[in-house]
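If you count the sequence shown from 1, position 23 lands on 23 in my numbering, and the numbers rise without skipping.
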Amino acid sequence: MGKNLAYKIIEKHIISGDMTAGNEIAIKIDQTLTQDSTGTMAYLQFEAMNISQVKTKKSLAYIDHNTLQAGFENADDHKYIQSVANKYGIYFSRAGNGICHQVHLERFGRPGWTLLGSDSHTPTGGGIGMIAIGSGGLDVAVAMAGGPYYMTMPKICNVVLKGELSPWVSAKDIILEILRRLTVKGGVGKIFEYSGDGLEHLSVPERATITNMGAELGATTSVFPSDERTLEFMRAQGREDEWIELKADSDATYDETIEIDLSQIVPLVAKPHSPDNVETVRDVGPIKVDQVCIGSCTNSSYMDLMKVAKILKGKTVDHSVSLVISPGSKQVNTMLAKNGALADLIDAGARILESACGPCIGMGQAPATNAVSVRTFNRNFYGRSGTMSANVYLTSPEVAAATALRGVLTDPRDLGEPIKVTMPDRFEVNDNSIIAPTDTPSEVQVVRGPNIKEFPINDKLTERVEGKTLMVMEDDITTDHIMPSNAKLLPFRSNIPHLSDYCLVPVDASFPKRAKEAGGGFLVAGHNYEQGSSREHAALVPLYLGIKAVIAKSFARIHESNLINSGILPLVFKDEADYDKIELDDKLSIDNAREQIRKGNILIVSNDTKGFVFEVRMDLSSRLKDIILSGGLLNYTKKNV
Ligand code: MIC
Ligand code: SF4
């Protein structure tokens with residue numbers, strides 16, 4: 001029986017486990033990446049493991065999220081990360097060098113290799129044929145220490161792309177179409193593997209837009225074959241020697257298949273407040289727009305911004321729109337500057353921001369009250385822009401540029417003659433903002449500023465787990481609800497006590513105070529709890545607040561691991577009807593918790609206030625159960641070393 005590509009790459013990296021979907025497997029990680037908002041924590045955890053040098057083929061520390069530096073905190077974290085990277089054998093990409101996923105694709109991604117990153121959009125690397133997975137920082141720390149990455153073997157879904165996109169329609173519209181069909185829960189437990197004759201017309205940066213936003217499907221990752229188009233990109237990056245051909249066997253089998261006729265796709269938009277709330281731009285109509293933001297790891301490649309420059313050249317941005325553009329990398333920036341496209345953008349009235357995540361993570365450019373903001377980003381979760389009353393729409397760069405010119409949401413087909421942008425034969429390569437680690441690590445002093453506080457470590461699980469229900473939440477609660485990130489909070493990613501005052505505030509502002517007064521307790525939630533970011537702060541901060549268990553209808557993949565790594569019980573209602581029977585402040589308890597966990601996958605929870613018991617599932621491997629019993633991955637790792 002033929003093998004699909006995802007299977008082949010995983011098989012090459014398998015360390016243990018049977019590769020049947022749903023089983024726990026362990027794989028070897030070739031490369032790791034961190035960014036600065038999750039990196040500080042990852043490196044603090046790495047340091048706690050007492051390993052002298054990283055054991056991966058290559059590990060990188062990018063600075064791209066926290067670049068606003070409104071106070072000393074960001075700069076402190078950057079110094080810490082730079083010194084840790086230098087000491088432990090990690091390459092350091094300086095602030096200004098670009099967004100981790102964009103730079104990684106340009107300079108380091110390698111077909112057939114595995115990449116683990118402490119950022120949920122790490123699957124961007126699938127655009128160049130990697131198995132690239134997002135995880136919490138602690139998992140990345142373990143991989144840097146040479147440990148395997150454990151995951152559930154996903155189902156492999158074949159996405160067959162047929163034909164060619166029409167003019168003015170782009171890769172972003174393909175992934176928006178998939179989100180429209182499958183929703184933000186549709187990819188849970190799956191890898192999306194792309195195939196079909198449509199691949200021929202999609203360059204690596206376009207493929208990377210698709211794999212990037214596969215994260216919004218809840219997928220483990222997404223992957224494209226490594227073919228002539230991959231070679232073309234790698235050659236233009238001066239890395240043709242790192243190219244290999246990779247594809248599925250001709251008789252490969254898949255768990256699922258979906259087909260997309262590219263010629264049928266039209267310009268699409270994801271409406272507030274979810275990336276799967278997709279409609280056609282025409283159906284949404286010419287709504288008035290106040291802000292347009294172009295950039296982010298989804299759409300900030302050279303080709304994306306060249307398209308925007310061509311659309312804006314010689315024209316003026318509508319006077320009611322603020323247009324901001326963040327190029328994805330120094331390479332993109334330099335090339336736009338040298339070929340004059342940057343001048344076209346500035347001349348049209350665009351405000352040029354640094355090569356970084358910027359407004360995508362709420363680092364500045366919060367929209368006005370009730371504003372409509374059209375963004376080429378990947379997430380429009382409630383509050384993420386920094387303005388609670390803002391309405392954020394996600395589109396392609398073409399739609400965004402047309403909208404900036406007209407001041408209303410615009411289908412770019414209305415602009416007339418389509419623009420054409422081709423892949424350059426040679427990208428401008430200059431890696432001088434990537435600093436190689438030292439040869440004399442013992443001489444390096446790690447620099448720790450006052451913003452770097454200790455992180456909480458759980459205790460061994462107790463026999464009786466009890467506490468009040470501190471929150472009852474609905475479906476699709478995102479990481480931006482649990483641990484908001486904005487210009488005011490992002491600088492405190494290495495300061496859990498400070499962050500704890502903001503936990504779950506977008507859902508209920510009284511939560512931190514109530515949790516502290518109660519000394520912790522339980523959280524109750526609906527489906528897909530904690531979709532979104534990989535930030536382990538969404539588990540570490542609840543741990544700090546004394547949260548012992550989260551009982552949900554279902555969990556998002558990365559978050560469930562982060563809970564386990566923190567020693568917080570991730571419990572799933574066996575009967576969803578029980579969710580409706582629990583109210584705020586109900587006292588819940590689990591007796592003989594350790595014994596129940598060792599014995600099976602079902603636990604009995606008692607609602608002591610209402611006087612009934614109900615069952616919850618914790619379908620975990622024995623290794624994951626051991627982690628929970630030990631009070632988290634750090635305790636477990638220490639115990640087992
Ligand atoms: C995001 O897009 O939400 C982030 C910011 O990149 C996060 C990481 C973080 O919260 O630091 C992610 O996607 O993992
Ligand atoms: Fe940065 Fe936004 Fe990409 Fe997250 S989604 S890595 S914040 S650009």
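Each residue gets a CB set at the ideal place from its N, CA and C atoms; glycine is no exception. Values in this document were obtained by computation on a predicted structure and should not be read as measured data.
Within the chosen limit of 7 Å, ligand 2 reaches the beta carbon of R379 through at least one heavy atom. Screening all residues for a C-beta within a distance smaller than 5 Å of any heavy atom in ligand 1 leaves S37, T38, D119, S120, I361, S533, S534, R535, in chain order.
Judged by their CB atoms, C503 and M473 are not nearer to each other than the 8 Å cut-off. Within 7 Å of the C-beta of I99 there is at least one heavy atom belonging to ligand 2. Collapsing the DSSP output to three states places I29 in coil. DSSP places A552 in the strand class (E or B) of the three-state scheme.
Put simply, the region 132-148 touches the region 41-55. At least three CB pairs are less than 8 Å apart. If one requires a minimum length of 4 residues, the alpha helix (DSSP H) runs lying completely within the region 164-201 are 171-182, in chain order. By the Cβ-count criterion, K338 is exposed, with fewer than 16 other Cβ atoms from all chains shown falling within 10 Å of its own Cβ. In terms of Cβ geometry, G98 and K307 do not form a close pair [threshold 8 Å]. Burial state of K639 is exposed, judged by a 10 Å Cβ sphere holding fewer than 16 other Cβ atoms. With contact defined as three or more Cβ pairs closer than 8 Å, the region 111-130 and the region 5-18 are in contact. Checking the 7 Å criterion, the Cβ of C357 is within range of a heavy atom belonging to ligand 2. At a Cβ-Cβ threshold of 8 Å, P225 and L5 count as neighbours. Per DSSP, the unbroken alpha helix (DSSP H) holding N635 starts and ends at 633-640.
Take A390, set aside five residues on each side of it, and the residues of its chain with a beta-carbon closer than 6 Å to its own are P367, A371, S373, in chain order. By the Cβ test, the region 203-222 is not in contact with the region 238-247, since fewer than three Cβ pairs between them sit closer than 8 Å. The continuous stretches of alpha helix (DSSP H) do not include M471, which lies in the beta strand (DSSP E) extending over residues 465-472. Rounded to whole angstroms, the separation of the alpha carbons of N565 and A538 is 12 Å. Beta-bridge partners assigned by DSSP to L44: none are found.
From the listed residues R94, G89, Q596, A70, the smallest Cα separation to K79 is found for R94. D197 and E259 have their C-alpha atoms spaced approximately 11 Å apart. For A401, the closest of V103, V169, E530, G611 by C-alpha to C-alpha distance is V169. The closest heavy atom of ligand 2 lies less than 7 Å from the beta carbon of C297. Burial state of Q264 is exposed, judged by a 10 Å Cβ sphere holding fewer than 16 other Cβ atoms.
Counting only residues of its own chain and dropping the five nearest sequence neighbours on each side, V572 has a CB closer than 8 Å to the CB of I551, A552, K553, S554, F555, V616, R617, M618, D619. I477 places its beta carbon less than 8 Å from that of E530. For the set P359, L116, D304, the Cα lying nearest the Cα of L345 is the one of D304.
Exclusion of the five residues before and after R623 leaves E24, Y150 as the residues of its chain whose Cβ lies within less than 8 Å of its Cβ. Distances taken from the Cβ of D64 to the heavy atoms of ligand 2 include one shorter than 7 Å.
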